[in-house]
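The sequence shown begins at 1 in the UniProt record's numbering and counts up one residue at a time.
Please read the structure below before turning to the comments.
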Amino acid sequence: MAGAFWLALGLIGLSRLADGLDGAVARALGPSDFGGFLDITADFAFYGAIPLAFVLHDPAANGAAGAFLLLSFYINGASFLGYAILAERRGLRTRSHGVKSLYFTAGLLEGAETIAFFVALCLWPAQFAPLAWAFGALCLVTALSRVLMARRVFQR
């Protein structure tokens, strides 16, 4: 928010290290429902904090693109969590992303792509708006693909 993009880049790295360590702890001690809940909640807070910081840094230049990006994250997150809830209700299981507390559906954009996007924003902060519009559009494609998959999988 203050324009310290190199510091932000370092903090992103530290947050991803902490995110990786919590998975290692869960594997060592055994996963818990609360741990899974806390993990996804922290991930979503992180995903919202980065665009918000860019919007607050320069509202005139980044406001509309940042709002669109946050909307796309919101829709994508809802499609992800909605799918996970219905998959759990139906007893579906997958290990394609390793053992997780929630059912993970594949998408065009996932965690690694989002982290790479956030790194790109810190490296080229003046390009926030075009990058946010493009990434937001791809998030909506991911959400739409998940909706179409849910329609196919969850029809009665």
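For each residue, glycine too, the CB sits at the ideal point set by N, CA and C.
- Item | Beta-carbon proximity check, residue 154 vs residue 86, cutoff 8 Å | Result yes, Cβ atoms of residue 154 and residue 86 sit closer than 8 Å.
- Query: Short check: CB of residue 65 to CB of residue 132, under 8 Å?
  - Reply: yes
- Measuring alpha carbon to alpha carbon, tell me which of 53, 63, 50 and 111 ends up nearest residue 76. Considering only alpha carbons, the answer is 111.
- Should residue 118 and residue 69 be called a contact, given that it needs their Cβ atoms to be closer than 8 Å? no
- Task: Note down the Cα distance separating residue 71 from residue 8, rounded to an integer number of angstroms.
- Result: 22 Å
- Is the distance from the Cβ of residue 12 to the Cβ of residue 122 below 8 Å? yes
- Unbroken alpha helix (DSSP H) runs of length 4 or more, entirely within the stretch 109–138: which are they? 111–123
- Out of curiosity, what's the CA-to-CA distance linking residue 47 and residue 10? 16 Å
- Cβ-Cβ distance between residue 57 and residue 1 below 8 Å: yes
- State yes or no: is the C-beta of residue 157 within less than 8 Å of the C-beta of residue 62? There is simply no residue 157 to check, as the chain begins at 1 and stops at 156 in what is shown.
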